[in-house]
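Take a look at the structure below.
Residue numbers (this note's numbering), protein chains in the order written: chain R, 606 to 743; chain B, 606 to 743.
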């Protein structure tokens, strides 16, 4: 025990060895690790009034609340089209809504979740079209 | 030192306290943390021969190598359509290729990266269409 505690203070490599023993990893590594779960749900929203900054802000506000309200969501990212512009790039949508779930079952819980249903009820009037891509990791 | 090493073996809460002191976090927490960076690049591939399992496997093999060859890629997920099936869900594509980058500049490095250009050269004959959605977090 005493030997192990001494190793704790030897430097980074010793720290990482101890972290390995404990099943821990540095926070900084999180970005390059594969998140848990295998279900990716990506929704693109087209607005009825694509020029309305107010409508876009309102939809983003709704999604921001939605992501806080459903614990099955393992990662959520709200985006807008980047400045990239090539023939193959779709830029007509207003908002991108990307979610990671552990599995299909948890995505189905999300679909029927009261917070999600309330979101659709309150914000669906803003969009003219949605396209959804659901994929599972290979 | 002796006291600290004893705490290491007391149980989970003690482990987490020590982890906190060391600036470490459990691997299991990674999924709920927001990955570094704000650029999401999502590509959907339609195959020339959508019924060919061999062509799909070949494309997946190419993407698997591609993700190992470009250090700017902060997260890569290769997927296939899930079993979900509603009007708004696009299911015609064969493979989903989702990448996270720190920013637009790193995505541009990826676009011009020799490993990426080689991937396009070697595998483009397999697909009939790609749709790309580039988004940045709000």
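Yeah, the Cβ is synthetic: ideal placement off N, Cα and C, and Gly gets one too. Note that the coordinates shown come from a computational prediction; the quantities given were computed from them, not determined experimentally.
Indicate the three-state DSSP secondary structure (helix, strand or coil) for residue i in the structure shown.
| i | result |
| --- | --- |
| residue 687 (chain B) | coil |
| residue 698 (chain B) | coil |
| residue 735 (chain B) | strand |
| residue 831 (chain R) | There is simply no residue 831 (chain R) to check, as chain R begins at 606 and stops at 743 in what is shown. |
| residue 660 (chain R) | helix |
| residue 730 (chain R) | helix |
| residue 725 (chain R) | helix |
| residue 675 (chain R) | coil |
| residue 741 (chain B) | strand |
How many Å lie between residue i and residue j at the Cα?
| i | j | result |
| --- | --- | --- |
| residue 690 (chain R) | residue 739 (chain B) | 9 Å |
| residue 679 (chain R) | residue 737 (chain B) | 24 Å |
| residue 710 (chain R) | residue 643 (chain B) | 28 Å |
| residue 722 (chain B) | residue 672 (chain B) | 13 Å |
| residue 734 (chain B) | residue 706 (chain B) | 23 Å |
| residue 718 (chain R) | residue 717 (chain B) | 43 Å |
| residue 725 (chain B) | residue 708 (chain B) | 22 Å |
| residue 651 (chain B) | residue 655 (chain R) | 28 Å |
| residue 731 (chain R) | residue 653 (chain R) | 6 Å |
| residue 693 (chain R) | residue 701 (chain B) | 15 Å |
Going by the beta-carbon positions, is the gap between residue i and residue j smaller than 8 Å?
| i | j | result |
| --- | --- | --- |
| residue 667 (chain R) | residue 728 (chain R) | yes |
| residue 664 (chain B) | residue 682 (chain B) | no |
| residue 712 (chain B) | residue 647 (chain B) | no |
| residue 675 (chain R) | residue 649 (chain R) | no |
| residue 687 (chain R) | residue 661 (chain R) | no |
In terms of residue numbering, what span does the alpha helix (DSSP H) encompassing residue i cover?
| i | result |
| --- | --- |
| residue 714 (chain R) | 709 to 717 |
Beta carbons nearer than 8 Å to chain B: which residues of the segment 666 to 695 of chain R have them? 679, 680, 682, 683, 684, 685, 686, 687, 688, 689, 691, 693, 694 and 695
Which residues, taken in chain order from the segment 720 to 742 of chain B, show a beta carbon closer than 8 Å to some beta carbon of chain R? 735, 736, 737, 738, 739, 740, 741 and 742
Within 7 Å of chain R by C-beta, residues of the segment 644 to 658 of chain B in sequence order: 644, 645, 647 and 649
What residues in the segment 698 to 723 of chain B have a beta carbon less than 9 Å from any beta carbon of chain R? 698, 700, 701, 703, 705, 707, 709, 712, 713 and 716
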